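All the letters of the sequence shown, read from the start, carry residue numbers 5 to 118 under my numbering.
Even for Gly, the Cβ is constructed at its ideal location relative to N, Cα and C.
As the structure is a computational prediction, the values presented were derived from the model and not from experiment.
Inspection log for the structure reproduced underneath, given as structure tokens.
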Amino acid sequence: MWIEDLREYGDNDTTIIIAGNKSDLEDKKIISFEEASELAKKFKVDYVEVSAKTGLNVKILFELLCNYMIKKYEEPNISRIKRKNEKSRIQFDKYKSKKKPSDDDKEKSGQCCS
Numbered sequence: 005m006w007i008e009d010l011r012e013y014g015d016n017d018t019t020i021i022i023a024g025n026k027s028d029l030e031d032k033k034i035i036s037f038e039e040a041s042e043l044a045k046k047f048k049v050d051y052v053e054v055s056a057k058t059g060l061n062v063k064i065l066f067e068l069l070c071n072y073m074i075k076k077y078e079e080p081n082i083s084r085i086k087r088k089n090e091k092s093r094i095q096f097d098k099y100k101s102k103k104k105p106s107d108d109d110k111e112k113s114g115q116c117c118s
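Encoded structure:
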């Protein structure tokens, strides 16, 4: 299962939260809240049902993740100092768009954001 793979091959301090998306489509649900909750309990992770469409629990999900991140960086026994010449694992500028889309571009793609 992907959680086991992540724990085996990922960083030791990786935060895992299971997010059940599209909770607004109750009639098309394949996995019940109870089943997902049991899976989360088995792997000792949180489970949150969310809907990007309605916004249900999206804020809660991000707050939960941010709280875990803050807690981790406040722990005194975790070293976050990079070694000399070591590159950061996350390069945020790599994902920045060089050009902002014009309103015409947004209409053509059917999307609001890049």
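Bounding residues of the alpha helix (DSSP H) (the contiguous stretch that carries residue i)
i: VAL62; result: 62 to 78
i: ALA44; result: 37 to 47
Backbone secondary structure at residue i - three-state DSSP
i: ASP15; result: coil
i: ILE7; result: helix
i: ASP50; result: strand
i: ASP28; result: coil
Pairwise C-alpha distance: residue j and residue i
i: LYS45; j: LYS26; result: 21 Å
i: ASP9; j: GLU30; result: 30 Å
i: SER36; j: TYR51; result: 12 Å
i: ILE22; j: VAL49; result: 7 Å
i: GLU42; j: GLU78; result: 30 Å
i: ILE7; j: ILE34; result: 19 Å
i: ASN61; j: CYS70; result: 14 Å
i: ALA56; j: ILE74; result: 24 Å
Residue i Cβ short of 6 Å to the ligand MG heavy atom set
i: GLU67; result: With respect to the ligand MG, the structure shown offers nothing to examine, as it has no ligands at all.
Counterpart residues of residue i in DSSP-defined beta bridges
i: ILE21; result: ASP50
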